[in-house]
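Read the structure below first, then the notes.
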Amino acid sequence: EAFSLKYIEIGNEASGQVYADNYKLFYKAIKAKYPNLHIISNFDKVDGGTVEITDHHKYGSPESFFKMFRSTIHTTAQAPVFTWANMVLRPTWAMEI
2 EAFSLKYIEI
12 GNEASGQVYA
22 DNYKLFYKAI
32 KAKYPNLHII
42 SNFDKVDGGT
52 VEITDHHKYG
62 SPESFFKMFR
72 STIHTTAQAP
82 VFTWANMVLR
92 PTWAMEI
């Protein structure tokens, strides 16, 4: 293999029922072939217990990120949540891998 992949995200700033349905299909297919791969969703409203990690893409002022960070600490989410707090300081493309 060219490199060791540990995480993959399905979608980018997608939401809604179509994303949720497609996410579940991708999740099942990826897990069947690569069971140790961690799959990241950018939408936390997917039924079926398939969301391992959620990546929230939020934009706003520096103050809004402090508020969001505090709310993330106290979340009741079933999966870990990534929040890109430095989006205020850098353009989005600088963080894409």
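All residue numbers for the sequence shown refer to the working numbering, where the first residue is 2 and numbers rise by one. For glycine and all other residues, C-beta sits at the position ideal for the given N, C-alpha and C. These figures come from a predicted structure and were not determined experimentally.
Where does residue i fall in DSSP's three states?
i, result
"Tyr35", "coil"
"Glu64", "helix"
"Asp56", "strand"
"Thr77", "With a pLDDT of 49 at Thr77, under the threshold of 50, the modelled position of that residue is not reliable, and no figure is offered here."
Could you tell me whether the Cβ atoms of residue i and residue j are closer together than 8 Å?
i, j, result
"Ile31", "Ile41", "no"
"Ala21", "Asn43", "no"
"Ile11", "Tyr28", "yes"
So residue i packs on residue j, CB below 8 Å; how close in whole Å?
i, j, result
"Lys25", "Thr51", "6 Å"
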